[in-house]
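Numbering of the sequence shown is given in the UniProt record's numbering, commencing with residue 211 and proceeding in unit increments.
Where a beta carbon is used, it is the ideal one built from N, C-alpha and C, also for glycine.
Bear in mind the structure is a predicted one, so any value in this text is a computation, not a measurement.
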Amino acid sequence: PFDVLVLGAGPAGASAAIYAARKGLRTGLVADRFGGQVMDTAGIENFISVKETEGPQLSAALEAHVRQYDVQIIASQKAAKLVPAAQIGGLHEIALESGASLHSKTVILATGARWRQLGVPGEEEYRTKGVAYCPHCDGPFYKGRPVVVTGGGNSGVEAAIDLANIVSHVTLLQRGAHLKADKVLQDKLLSLPNVTVLMSALTTKIEGDGKEVTGLTYSDADGGLHHIKTDGVFVQIGLLPNTDWLKGTLDLSPYGEIVINDHCATSVPGIYAAGDATTVPYKQIVIAMGEGAKASLSAFDYLIRLPVQ
Ligand code: FAD
């Protein structure tokens with residue numbers, strides 16, 4: 211059995227595995243794919259100390275760093291079920307999708323998240339070529355250019371306020387008849403001079419010139435089609451944590467995020483969680499890495515406090 215079994219090999223999982231191995235713990239890493247969401251990212255300019263990098267490059271560096279250590283990598287596998295230990299100090303069981311089972315004294319859940327997609331033509335084709343999901347990450351790429359934000363909840367309205375500071379003009383499209391964001395955010399949004407808000411506007415297509423996004427089509431409440439010229443479309447209709455398989459095993463928030471405390475401990479002793487799959491505020495690479503380190507150090511703390519057998 212492992213001392214520490216890490217599930218997910220994105221920034222959080224890679225960091226957790228390195229920290230555990232550096233403590234001399236028997237460490238396993240279930241790696242569906244190295245890099246996680248980072249693999250889907252083009253330019254990265256906010257990974258502090260690295261002025262500029264690209265997703266595949268950072269993912270390869272993560273993998274190379276993990277492979278420097280004595281980490282048993284269980285590649286191309288996903289966890290399907292977690293059976294927590296019956297008592298503190300007992301072994302947790304992880305069933306893999308392949309049918310195999312792994313056992314470990316501690317588990318670090320780092321299965322990440324995925325952005326909810328619009329599911330319209332052009333979205334997949336122009337992903338990272340004008341279709342963006344993270345204003346903190348990609349906002350500065352659109353400096354002085356027009357963008358569209360889809361989604362009128364807190365994340366969409368926050369994104370529109372944020373982007374309005376950087377870009378030339380923001381058009382926010384809300385599918386329903388009302389914005390769903392907090393009132394203070396709505397007031398702030400409506401006070402901005404370079405923002406247009408359109409209600410009952412359903413995005414039907416993202417258009418481009420084969421290389422980059424050039425516009426978007428939406429339908430109004432009567433089904434009439436309208437076209438907007440834009441350089442970027444920020445899709446802000448929700449982040450879905452990869453935690454469906456954990457339902458009923460440990461505490462999840464109403465959004466499906468794994469509830470953690472300030473030590474990355476979950477509601478089950480010996481099980482920790484880090485990164486985008488958790489309730490940690492702000493989903494970013496530097497944050498996920500910090501959280502992975504924290505979860506591993508907490509697992510170490512738990513292990514050294516187990517009674518001598
Ligand atoms: P993830 O990166 O989501 O990794 C989780 C991994 O776990 C994945 O490989 C997944 O396949 C795997 N997994 C899922 N389910 C299971 C399972 N059951 N068993 C085992 N493994 C599983 N952040 C920045 O800081 N700067 C940026 O410029 C930036 N740009 C971004 C651009 C895009 C297009 C996207 C989508 C995100 C961007 N982000 C950026 C956000 C950043 O990528 C995430 O915050 C970060 O990757 C989260 O790391 P994580 O390890 O928690 O999760």
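Legend entry - Residue nearest to V377 in terms of C-alpha spacing, selected from V214, Y352 and D250: Ranking V214, Y352 and D250 by Cα distance to V377 puts Y352 first.
Legend entry - C-beta contact flag for A498 and P266 at 7 Å: Between A498 and P266, the C-beta spacing is not below 7 Å.
Inset, instruction - Could you round the C-beta distance between L450 and R326 to whole angstroms and report it? I think they count as a contact, below 8 Å. - result: Separation of the CB atoms of L450 and R326 is rounded to 6 Å, and the pair is thereby assigned contact status at 8 Å.
Legend entry - Segment contact, 8 Å Cβ cut-off, at least three pairs: the stretch 493–512 with the stretch 222–238: yes
Legend entry - Y428 beta carbon less than 7 Å from that of T406: It is not a contact, given that the beta carbons lie outside the stated cut-off.
Legend entry - Alpha-carbon to alpha-carbon, L319 and V216: Distance between the alpha carbons of V216 and L319: 6 Å.
Inset, instruction - Taking only heavy atoms of the ligand FAD into account, decide whether any of them is closer than 6 Å to the Cβ of T459. - result: no
Inset, instruction - Could you check what DSSP says for V260 in three-state terms: helix, strand or coil? - result: coil
Inset, instruction - With a threshold of 16 other CB atoms inside 10 Å of the CB of L383, please say whether the residue is buried or exposed. - result: L383 comes out buried.
Inset, instruction - Can you have a look at P331 and say buried or exposed, based on whether 16 or more other CB atoms are within 10 angstroms of its CB? - result: P331 comes out exposed.
Inset, instruction - Starting from the Cα of G329, find the closest Cα among K393, I283, T360 and V394 and give me that residue. - result: Just measuring C-alpha positions, the residue of K393, I283, T360 and V394 sitting nearest G329 is T360.
Legend entry - Simplified DSSP assignment, three categories, for L351: Here residue 351 turns out to be Phe, not Leu, going by the sequence shown. The answer is helix: DSSP assigns F351 an H, G or I state.
Inset, instruction - Provide the residue span of the beta strand (DSSP E) that contains E417, from first to last. - result: L412 to G418
Inset, instruction - Please indicate yes or no: does the CB of P221 lie closer than 6 Å to some heavy atom of the ligand FAD? - result: yes
Legend entry - Neighbourhood of D430 by C-beta, 7 Å cutoff - its chain only, sequence neighbours within 5 removed: Counting only Cβ-Cβ distances below 7 Å, and skipping sequence neighbours, we find S410, A411 and H436.
Inset, instruction - Please go through the same chain and pick out, in chain order, the residues whose beta-carbon is closer than 6 Å to the beta-carbon of L389, but skip the five residues on each side of it. - result: G362 and Q396
Inset, instruction - Classify S311 as buried or exposed, calling it buried when 16 or more other Cβ atoms lie within 10 Å of its own Cβ. - result: Residue environment for S311: exposed (fewer than 16 other C-beta atoms within 10 angstroms of its C-beta).
Inset, instruction - Taking G362 as part of the alpha helix (DSSP H), name the residues at either end of that continuous run. - result: No alpha helix (DSSP H) contains G362, which DSSP labels as neither H nor E.
Legend entry - Limits of the alpha helix (DSSP H) - the one that S314 falls within: Careful: S314 lies outside any alpha helix (DSSP H), inside the beta strand (DSSP E) at S311 to L319.
Inset, instruction - Pick helix, strand or coil for E501, following the three-state DSSP scheme. - result: helix
Legend entry - Local conformation of E334 per DSSP, three classes: coil
Legend entry - G485 Cβ short of 6 Å to the ligand FAD heavy atom set: yes
Legend entry - Residue interval of the beta strand (DSSP E) (run including R236): Careful: R236 lies outside any beta strand (DSSP E) and carries neither H nor E.
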